[in-house]
Structure formats: C-alpha cells, structure tokens
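Residue numbers (my numbering): 472 to 953. Note that the Cβ used here is the ideal one computed from N, Cα and C, for glycine as well.
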Amino acid sequence: MSFFQKAYQVSIGQGTFSAITGNQTNNTYNHCTIIERQKKKRTIYDEFPDIQRGLVRRLEDLDHKDCLLRWNSRLEEYEVEFAVERTISTAKIHGDSSCFTVVSYKGQDAQKAWKKDFRQFSETTNTMKMQLFGINRSSVPLLIFYGELLPLAHLWDRLGDFGQGYACTLACRVWNCQESEVWLDPAQGTLIRGVEGPNRSGLFHLTIGTYAEMLPSSVELLDEDVCFRYFSRFPLVKEFDRDIIDVLHFLPLREHEISPIFNRPYVLSRKTDSIIAVGNSEWKADYHPRCLDDKVIMPDGRTRFTLTNKDPKLKLFLLGDLKPWLSQASSVFDRLGISLDDDLLSYKLILPRAILSGFIENSQPRSDDQPIYLFLPICLPSEGDFEFTHTWSYDENGQTPIPRHHCEVLGLPIKLSLYRFASEAYYWPSEMYKSIHKWQTARGFDPTTTDFTRYLEYPIYEVRPSESGQFEELCAAGSSEA
Numbered sequence: 472m473s474f475f476q477k478a479y480q481v482s483i484g485q486g487t488f489s490a491i492t493g494n495q496t497n498n499t500y501n502h503c504t505i506i507e508r509q510k511k512k513r514t515i516y517d518e519f520p521d522i523q524r525g526l527v528r529r530l531e532d533l534d535h536k537d538c539l540l541r542w543n544s545r546l547e548e549y550e551v552e553f554a555v556e557r558t559i560s561t562a563k564i565h566g567d568s569s570c571f572t573v574v575s576y577k578g579q580d581a582q583k584a585w586k587k588d589f590r591q592f593s594e595t596t597n598t599m600k601m602q603l604f605g606i607n608r609s610s611v612p613l614l615i616f617y618g619e620l621l622p623l624a625h626l627w628d629r630l631g632d633f634g635q636g637y638a639c640t641l642a643c644r645v646w647n648c649q650e651s652e653v654w655l656d657p658a659q660g661t662l663i664r665g666v667e668g669p670n671r672s673g674l675f676h677l678t679i680g681t682y683a684e685m686l687p688s689s690v691e692l693l694d695e696d697v698c699f700r701y702f703s704r705f706p707l708v709k710e711f712d713r714d715i716i717d718v719l720h721f722l723p724l725r726e727h728e729i730s731p732i733f734n735r736p737y738v739l740s741r742k743t744d745s746i747i748a749v750g751n752s753e754w755k756a757d758y759h760p761r762c763l764d765d766k767v768i769m770p771d772g773r774t775r776f777t778l779t780n781k782d783p784k785l786k787l788f789l790l791g792d793l794k795p796w797l798s799q800a801s802s803v804f805d806r807l808g809i810s811l812d813d814d815l816l817s818y819k820l821i822l823p824r825a826i827l828s829g830f831i832e833n834s835q836p837r838s839d840d841q842p843i844y845l846f847l848p849i850c851l852p853s854e855g856d857f858e859f860t861h862t863w864s865y866d867e868n869g870q871t872p873i874p875r876h877h878c879e880v881l882g883l884p885i886k887l888s889l890y891r892f893a894s895e896a897y898y899w900p901s902e903m904y905k906s907i908h909k910w911q912t913a914r915g916f917d918p919t920t921t922d923f924t925r926y927l928e929y930p931i932y933e934v935r936p937s938e939s940g941q942f943e944e945l946c947a948a949g950s951s952e953a
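Here it is as structure tokens:
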C-alpha cells in the first residue's frame with residue numbers, strides 16, 4: 472500500500488486502520504449557542520438595602536396621617552396632595568439590635584408619596600437631615616431611617632420660651648422648613664430636619680433673626696437655662712435684643728377695648744382704674760411704594776418722615792408696639808413701688824389703632840436736592856378731617872414750617888383724614904416681666920433705669936403716679952396739642 476511506502480520495521484497489532492488514498496478534505500463543524508449577559512443598570516434604589524416588611528417590628532407609633540396636605544397659595548388654604556395613610560413608627564429590624572424610624576405608606580397615592588419623600592432624603596449629604604438606611608418598594612412601601620428619632624411636637628409643652636424660640640429659629644430661619652419637620656436625634660444630641668411629623672396646634676413661636684445662621688444644632692439648647700446663658704453671651708446688638716423681647720412676651724392675653732384715649736399708648740391699673748404710664752404715638756408708613764420714609768422720633772416726641780415722591784398716596788398707620796413698654800416696665804414698676812411678685816396681670820397695655828391718609832398733588836415739581844419733611848405731633852384730635860395738626864418743613868428740626876399757600880403750590884396736603892379703630896389691650900403674667908428683668912441684668916443693664924430702652928432706641932414712657940383725673944388730662948392734652 473502506498474501509505475506504507477518506504478516504511479520498515481512496522482508492527483500493527485489488534486487495531487483497525489483505515490487508509491484512504493487520493494485527495495482528502497476534513498471539515499469540522501461546531502454548533503454552539505452564545506448567551507450575552509447584559510449587566511443590569513444601577514439605579515438610585517440600589518444604593519439602599521431592600522428590607523422585607525416581615526423583618527420590621529414596630530415598637531411605637533409616633534405619628535399617623537390619613538392624608539397628606541399642601542398649601543395652596545392662590546386659594547390661601549390647605550388641600551389634599553396625596554390620598555395616603557402615612558404612619559411613622561419606632562421599629563427594630565430582625566437581626567439588628569439597633570432602633571430605626573420607619574415611615575410606611577398605604578393607599579391610593581402610596582407610591583407617589585413614597586417617591587417624593589425618597590427623593591428628598593436619598594441624597595442627604597450632612598448630619599442636619601434624617602439619614603436613610605433602607606427601603607421597601609412593595610405595595611405598602613417603607614422608608615427606614617437610622618436612629619430612634621423623636622418629633623419636636625412630643626416635647627413641645629415641656630419647653631420654655633427660649634427653647635421654643637430656638638427650635639423655631641432653626642426651622643424657619645436656618646432650614647427653611649415647618650416646625651413639624653424638626654426631629655430630635657437623642658443618640659447624636661442634635662436637632663435635624665426630617666419628614667413632616669405631628670403638626671399639632673400651637674407648634675409655633677416667634678424667632679430670632681440676628682445671629683440665626685450662627686446657631687448650632689444641639690438638644691442641650693432646648694433647656695431653658697442653657698439657652699438663656701448661651702444667648703446672653705452674644706454681643707450687644709439692638710436688633711437681637713428686640714427679637715429676644717418678642718420671644719419672651721409671645722402670646723399675651725389680648726382683647727379689644729373702646730378707649731377714651733386713642734392717640735397715645737398707655738398702661739392702666741385695673742385695680743384702681745388709673746393710668747400709671749403714658750407713651751408716644753408711633754406712626755408707621757405704608758408698604759412699598761412709599762410716599763414717606765425714614766421715620767425719626769424727635770426729642771420732643773414728634774414723629775418725622777421724609778417725602779419720597781414715589782407715590783402720591785399718603786398713608787400712615789398707628790398700630791402701636793409692645794416692645795417699648797416691655798423694655799422699661801421694670802423701671803416703671805420700681806418707681807411706683809410695684810413688686811414683680813405682685814399680680815401683674817392687673818396691669819394692661821392699651822395700644823391705639825388708627826390710619827392717617829391724604830394725597831400729594833403734582834401742582835409744581837419738587838426738587839430732589841431739597842428734602843421735605845412731615846412732622847406729626849404726639850397727640851391728635853378726634854376722628855375726622857383736620858388741619859394744622861401736622862407740619863411740612865424744609866428744616867430737619869421742623870422749626871420753620873412751610874407756609875400754607877406754598878404747601879398748596881407744592882401739592883402738599885394741608886388737610887389729612889384720620890380713621891380710628893378699637894384699641895388693643897394686652898396683659899402679661901408676672902413671670903414674663905421677671906424674664907425680661909432677668910435678661911436686662913444678664914445683658915449688663917440696670918432694670919430699674921430706662922438704659923435698656925434707650926439702647927434699643929425706643930421712646931420713654933412718662934410715669935404718672937397720680938391716680939386722679941388722668942383720662943381727662945390726656946384727652947385735654949390731645950385737644951390742646953392739636
């Protein structure tokens with residue numbers, strides 16, 4: 472066979488051998504199926520563990536809402552945003568000894584409400600917000616947050632004015648959120664912003680504008696004494712101390728009163744029906760655009776405004792301010808021998824309310840280089856139209872009035888209209904007066920003097936120890952000065 476040509480010493484045993492002569496072609500065919508595994512695209516949901524509902528053991532419900540509301544600024548009322556039952560609970564997760572705060576959603580809009588809250592807290596990058604631990608995306612979805620958190624509303628009634636004012640300042644001025652969104656993280660000792668919690672009535676307090684951005688987030692500052700000491704160390708800034716007075720006198724007792732004296736604020740003893748102190752009228756210009764601006768209280772008690780030429784409508788409001796009286800109440804009580812331990816609810820501050828209006832005519836152009844001032848007296852006459860109670864002047868002290876005929880040429884009204892309303896009467900307990908007395912001392916002022924009031928640039932009240940004929944005297948003063 473040609474296959475064995477030139478071969479020698481070849482031995483073949485027990486085998487099968489095929490010899491094929493001629494041309495040979497070998498073809499190999501491989502049949503296989505190629506499966507390409509595409510990598511699943513990662514989403515924001517993959518950043519958090521998916522916790523089965525059965526692993527969550529609720530320990531205590533912190534808040535429950537039958538629906539979620541939102542404010543409609545056009546209608547100026549609340550409306551339903553999501554038809555969902557939302558419950559916030561303290562809980563534990565099987566296999567973990569830590570406590571968590573769990574938010575569950577159930578109902579028609581459960582997924583929508585869940586996604587809105589998820590978007591808000593899934594990108595938390597600091598310690599000032601609730602921190603998301605895990606999620607559940609079932610028909611009853613969950614958001615699971617680190618820590619056993621406590622809503623501010625649950626301890627609100629145990630806080631004093633400083634503690635409440637501090638918490639509301641963080642919410643409204645620093646975090647720009649509602650008070651119901653403030654939570655305590657006891658483990659970290661901080662206040663944080665979170666989902667909306669219990670929104671009980673009264674969860675509100677006046678805030679502190681000055682130094683707000685400097686405030687730390689600390690549970691310790693909810694303690695009244697700690698917060699008092701902390702704030703009292705701030706540098707003297709009158710706007711800050713004015714804010715503190717607002718915080719301390721929050722929610723006084725108030726009632727409407729028809730008073731025989733409407734042109735000046737005064738303090739009345741309800742025991743003796745006598746006036747113990749009298750203040751000066753405080754007029755405020757209308758909001759922008761303003762016809763008048765740059766209010767100044769003159770040494771003699773008159774109020775000066777500068778004409779702006781921005782609006783022809785002249786409108787001034789006599790609404791009164793509580794803070795001038797509160798800043799000097801201790802000095803008035805001291806002069807009259809009234810103890811802060813007495814029942815100070817028997818003394819009420821009565822603030823008049825009125826509107827003064829007129830119209831600036833464009834009879835002749837007025838020079839912007841030469842200011843024109845309007846001066847209002849301390850007292851005004853009875854309701855209606857009146858003349859010559861106010862003064863127009865080029866003189867910043869008002870010593871030289873602009874003559875009447877020249878006022879007419881300039882379009883300055885010589886007649887103004889006065890409309891009065893029921894006065895407001897305010898009462899405070901002794902504890903409030905003691906708090907302001909304590910604050911003045913901490914800030915380095917003697918409460919038996921009016922130094923604190925002068926520092927705040929408020930008008931000084933006239934103390935009236937006499938108990939006879941004071942209503943008649945004040946009414947007569949108003950008529951004579953008119």
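With 16 other Cβ atoms within 10 Å as the buried cut-off, status of residue i
i	result
A562	buried
Y904	buried
E556	buried
A658	exposed
Y500	Here Y500 scores only 47 on pLDDT, less than 50, and its place in the model should not be relied on; the value that follows carries that caveat. Answer is exposed; the Cβ neighbour count stays below 16.
M685	exposed
V880	exposed
R735	buried
N597	exposed
E895	buried
L739	buried
T514	exposed
N833	exposed
T743	exposed
K781	exposed
G618	buried
V767	exposed
K819	buried
L546	exposed
S672	exposed
P918	buried
G566	exposed
Y516	exposed
Own chain residues within Cβ distance below 7 Å of residue i, not counting five before or after
i	result
R935	I746, I747, A748, V749 and Q941
A825	F733, L789, L889, Y890, R891 and F892
K920	The question names Lys, but residue 920 is Thr in the sequence shown. Contacts found: S802.
S651	A624, E667, G668, P669, N670 and L674
L539	E552, F553, V555, R557 and A584
K784	C762 and F830
A683	T640, R644 and V645
L815	W899, P900, S901 and Y904
Identified DSSP bridge partners for residue i
i	result
N751	Per DSSP, none; premise fails for N751.
S864	Y844 and P872
H535	T558
K600	R664
Y701	In the DSSP output, where bridge partners are listed per residue, Y701 has none listed.
L431	Limits of the chain in this structure are 472 at one end and 953 at the other, which puts residue 431 out of reach.
F589	None; F589 has no bridge partner.
F892	R824
C570	K563
L614	V574 and I606
L621	L655
Residues near residue i in its chain [Cβ-Cβ closer than 8 Å; skip 5 each side]
i	result
L787	W754, K755, A756, D757, L763, F776, I826, L827, S828 and L847
G869	M769, R773, R775, Y844, F846 and T862
Same chain, Cβ closer than 6 Å to residue i, five either side skipped, listed in chain order
i	result
R415	The chain is shown from 472 up to 953; residue 415 falls before or after that span and cannot be answered.
E933	V749
S906	L719
S730	I821 and S894
Next on the checklist: With three or more C-beta pairs closer than 8 Å as the rule, is the stretch 839 to 846 touching the stretch 793 to 803?
Outcome noted: No: the two stretches stay apart, fewer than three of their Cβ pairs being nearer than 8 Å.
Checklist entry - Taking one C-beta from the stretch 644 to 653 and one from the stretch 605 to 616 each time, how about it: are there three or more such pairs within less than 8 Å? => result No: fewer than three Cβ pairs fall under 8 Å.
Checklist entry - Which parts of the stretch 623 to 694 are runs of the alpha helix (DSSP H), unbroken and 4 residues or longer, counting only runs that do not cross its ends? => result Correct list: 632 to 640.
Checklist entry - Does the count of Cβ pairs from the stretch 699 to 718 and the stretch 904 to 914 closer than 8 Å reach three? => result Touching, yes.
Item to check | Segments of 3+ residues assigned as beta strand (DSSP E) that fall wholly inside the stretch 806 to 830 | outcome: You should have 818 to 830.
Checklist entry - On the three-pair Cβ rule with 8 Å, is the stretch 864 to 883 touching the stretch 800 to 817? => result Look at the beta carbons and you see the stretch 864 to 883 not touching the stretch 800 to 817: under three pairs across the two are nearer than 8 Å.
Next on the checklist: Check whether the stretch 667 to 686 and the stretch 626 to 640 touch, using three or more Cβ-Cβ pairs below 8 Å as the test.
Outcome noted: Two segments are said to touch when three or more pairs of C-beta atoms, one from each, lie closer than 8 Å; by this definition the stretch 667 to 686 touches the stretch 626 to 640.
Checklist entry - Is there contact here, the stretch 719 to 738 with the stretch 689 to 699, by at least three beta-carbon pairs under 8 Å? => result As far as the Cβ criterion goes, the stretch 719 to 738 does not touch the stretch 689 to 699, which means the pair count is below three.
Checklist entry - If we count Cβ pairs, one from each stretch, closer than 8 Å, do we get three or more for the stretch 622 to 633 versus the stretch 583 to 597? => result Verdict: no, contact absent.
Checklist entry - Any chance the stretch 709 to 717 sits against the stretch 651 to 668, with 3 or more Cβ pairs inside 8 Å? => result Short answer: they don't touch.
Checklist entry - Could you give the uninterrupted runs of the alpha helix (DSSP H) lying entirely in the stretch 708 to 784, keeping only those of 4 residues or more? => result The qualifying runs are 709 to 719.
Checklist entry - Is there contact here, the stretch 571 to 578 with the stretch 589 to 596, by at least three beta-carbon pairs under 8 Å? => result They do not touch, by the three-pair rule.
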